[in-house]
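Be aware that the sequence shown starts at 1, since it is given in the numbering used here, and climbs by one per residue. C-beta atoms are modelled at their ideal positions from N, C-alpha and C, and glycine is treated no differently. Just so we're clear, the structure is a prediction, and the values are computed from it rather than from any experiment. The block underneath contains the structure these notes are about, expressed in structure tokens.
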Amino acid sequence: MFSTPSLYMLRQLAPAGWHQSRDIYRRCLSSKPGPAIFRMHENGYEQPIDENELFEYQRHRWLRDNGKELDKRYVKFDLTALITQASRTKKYMLDDWKCVKVVKLPEGDYNKVLLLIMDNGIRMIAQLPNPIAGPSFNMVASEVATRKFISSAIKSIPMPTVHRWNFDQNNPVGAEWFIEDKANGQPLRKFWFKMDCNAQLNIVRQVIEIERQLMSVKFPYHGSLYLKRWMVGRGDPYVLLRDMKIGKQLPFLEQLPGDEEKSKYTWDFAMGPSTDRMLYRGVRLGRQHHGPFNSLGQYARCIGQNERHYINNIRTNPLKLIEHFGGLDNAIEFYTLVSRFITASQFITKYVGADPSTISHPNLSLDNIFIDPKTQKIVCLTGWQGTVVSPPILKRPYPPFLDPEFETNSGSGTMRPRDLYKQLIQEIDPLRYQRIFSDPKDYAVRIAPLKLIRCASDTGDMFALREALQSFADHYDRITIENSYSRDLQPGFAELHQHAQEKLARSEFEMTFHLIQDGHKLPGSNIPYIPMDGRVLTEDFPSAERQCVEYRKHWMNTAAGDELRLALHKKIWPFDNSFNEDDAGVMRGDIKDHSREDATEELKRILDLVDKDLKQEDILSRK
């Protein structure tokens, strides 16, 4: 199957000069036969790497839980077996082809994306999901099915053709994968920052037209698409499209003369578990409810119940529960906040529970939109992993390529791209506009609890969830919530006081952190910028670590002599602690020294409440 690439071929394919080609050729001669392997950087430079480096995440490092973050993005697989599968693609099946080059394309969080180059010029893309993406079966099976559905129902949506796939983790490759054509055109990122205002607005109009076509089919369920034959026997719930009575919206389902087999095939789609990654954070066995959901209200209740089930599933190890939440106080507070969220969920979803769901692209970023450089027409969309059929309020207000960080001063246009997008959404999808844009305050207080409940226990950050629930209670207490529920949602005076102190400290930290960094933005400075999530480029990681130690010293010194304030400063420090004796054993939470007996006794009360709530949920679900 493989042969050592010729020196001529390496000179044609290698990204740099002749000397690099010569070095790569010598390496190939001294190692096992196979293609030359490269990693493409963001600037297009291709760096030779070893095969083992294909499995790793190399683009970034983290100033918090770096090892865990890298593990979430590590996938080991058999490259030879993967290329063998690519060779069996019917469109390109040849007996004498040779794979001469493999390029790991610039890395995203959720996939390994490899460009496979053959000696006859054929180029194919292989994708393998990272663990952080969610269950690999769901991610691969749903993406393939969704793209098949869109290709059948909405033929004008441009996307690469998927040729082969395998979502059985025990396949010869050793990981789930699929093979597709290389995308036509060039990524929008290469041109966006050089475009004038009119060109950018034209891209927005094209995106809106694509979204209009995707939303043309409305579903009564919220989840992700699969083929029925892939769901049978797995134990996951699903609903057949033919049972949703949406046939009138799907003209391709009509029996056409001479095309009965295709009509029967496309009728086999089903709505199954959602591929929303936030439902699988932490890969928890206790998170039992993944959809499909018949309403936004059911969705909200289920994600609250998922958190209760998680607490119940690790009840036999109270110290593990304490360690996970960064302290006993956080574990107790988390359960309290979950109960408060479940109470609030019926009001969060009030008036929007019956909204229909539609397909939307999950990540319209500058890297996933491909255009023809000459015509500036969108010719391909990639990045379909994690596509969810969802109600309007759960969709992003703006696609990622319109995030504020990508705004440019593109001439003297009278309208910004974001403004045009918002205006056109009002025209093509009035319901989505009403839910998201008509009352920004109402949207913000509704959506924040739905987002934060799904990640609070994984990050250990109770503050953001607590803030969201308090904002919700404050806003709706004056509008719709009955007095009895209002009392359940409102925190006590002591909690409000502690929350206000933490909020002030967090504001102080953010201001101090940004001021310190701004002070280093001097001409010739090589000190890297450190974002609040602690993710930095790999080449900047050593200097970022050193700088972070200095930042932490400054932050702690501002609380010197005040024990309560110092404890609060330690609690909200967002990165790993520097290794010194004073900080030994201090985690991100406000941890106290609890013995096993104390922890067990305190948690018994929580777990008894969990049992009671779970039994009540079972009774309600049977009604």
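Top-ranked residue by Cα proximity to residue i, from the options
| i | options | result |
| --- | --- | --- |
| W573 | D533, F541, R546, S543 | D533 |
| E407 | F191, H222, V338 | F191 |
| A126 | K155, A141, I179 | I179 |
| A544 | P391, Q517, L568, K570 | Q517 |
| W267 | A153, H324, W555, L128 | A153 |
| E100 | M159, G34, G134 | The amino acid occupying residue 100 in the given sequence is Val; Glu does not appear at that position. For V100, the nearest C-alpha among the options comes from G34. |
| L63 | F541, R164, N171 | F541 |
| L188 | I527, Y476, K374 | K374 |
| A229 | V102, V239, K155, H290 | Looking at the sequence shown, residue 229 is not Ala but Arg. Taking only the C-alpha atoms, the option nearest R229 is V239. |
| T387 | Y476, T275, V445 | T275 |
| Q547 | E539, N557, Y529, D562 | Y529 |
| R454 | H475, T336, E307 | E307 |
| K104 | Q376, A494, R39 | R39 |
| P292 | D439, M244, D109, I311 | M244 |
| E176 | G67, E563, N138 | N138 |
| A464 | A300, H514, K451 | K451 |
| L241 | H289, T146, R212, I210 | T146 |
| E510 | K155, P531, E209 | P531 |
| D439 | K68, H309, H475, D458 | H475 |
8 Å contact criterion, which residue i and residue j should meet: CB distance rounded
| i | j | result |
| --- | --- | --- |
| K218 | P356 | 4 Å |
| A456 | M462 | 6 Å |
| L537 | H60 | 6 Å |
| K395 | R340 | K395 to R340, Cβ: 26 Å. No contact. |
| I37 | E51 | 6 Å |
| S216 | P273 | So it is not a contact: roughly 24 Å between Cβ atoms. |
| Q169 | S136 | 6 Å |
| H361 | L214 | 7 Å |
| A141 | Y280 | Contact flag wrong, Cβ pair sits at about 14 Å. |
| V173 | L296 | Actually they do not touch by this definition, with Cβ atoms about 38 Å apart. |
| P449 | I348 | 6 Å |
Contacting residues, own chain, Cβ-Cβ under 6 Å from residue i (five flanking each side not counted)
| i | result |
| --- | --- |
| I447 | none |
| H554 | none |
| S595 | Residue confidence is low: S595 scores 43 on pLDDT, short of 50, so the model does not pin down where it sits. Its coordinate-derived value is still stated next. Cβ within range, chain order: n/a, list empty. |
| A559 | R565, L566, H569 |
| G185 | F370, I371, D372, V379, C380 |
| P160 | E180, D181, A183 |
| F2 | Its pLDDT being 42, under 50, F2 is placed unreliably by the model, and the measurement read from it follows with that caveat. Correct list, in chain order: P33, G34. |
| R506 | I572 |
| Q470 | none |
| Y443 | I436 |
| N557 | none |
| G589 | Only weak support exists for where G589 lies, its pLDDT of 37 falling under 50; the value from the coordinates is given anyway. Once the five neighbours on either side are set aside, the close Cβ partners of G589 are G326, G327, N330, G460. |
In DSSP terms, what residue i is bridged to
| i | result |
| --- | --- |
| S365 | Its beta-bridge partners do not exist; DSSP assigns none. |
| W62 | R535 |
| Q127 | V113, F178 |
| A505 | In the DSSP output, where bridge partners are listed per residue, A505 has none listed. |
| V102 | I37, L116 |
| N577 | Its beta-bridge partners do not exist; DSSP assigns none. |
| F269 | L227 |
| S357 | F219 |
| Q47 | R39 |
| L240 | A270 |
| W165 | F178 |
| I371 | Q186, I378 |
8 Å Cβ shell around residue i - same chain, five flanking residues per side excluded
| i | result |
| --- | --- |
| V204 | L402, P417, L420, Y421, L424 |
| V389 | F219, Y221, H222, G223, S224, L225, M271, S357, T358, I359 |
| Q501 | L568 |
| K377 | Q206, I371 |
| W97 | S87, M118, D119, N120, I122 |
Same chain, Cβ closer than 7 Å to residue i, five either side skipped, listed in chain order
| i | result |
| --- | --- |
| V144 | V162, W165, F178 |
| E107 | Y57, Q58, R59 |
| V113 | L105, I125, Q127 |
| F167 | S136, F137, V140, A141, E176 |
| Y398 | R418, Y421 |
| K72 | N130, P131, I132 |
| N368 | L381, T382, G383 |
| A199 | Q376 |
Interface flag, residue i vs chain D, CB-CB below 7 Å
| i | result |
| --- | --- |
| K350 | Going by chain labels, chain D is absent from the structure shown, which holds only one protein chain. |
Which parts of the region 172-227 are runs of the alpha helix (DSSP H), unbroken and 4 residues or longer, counting only runs that do not cross its ends?
You should have 189-192, 197-214.
Alpha helix (DSSP H) runs wholly inside the region 513-567, at least 4 long, in chain order
541-557
In chain order, what are the residue ranges of uninterrupted alpha helix (DSSP H) at least 4 long that sit wholly in the region 271-352?
296-313, 318-325, 328-348
Go through the region 441-477 residue by residue and report every complete run of the alpha helix (DSSP H) that reaches 4 residues or more, in order.
456-459, 462-477, all fully within the region 441-477.
Segments of 3+ residues assigned as beta strand (DSSP E) that fall wholly inside the region 375-409
378-381
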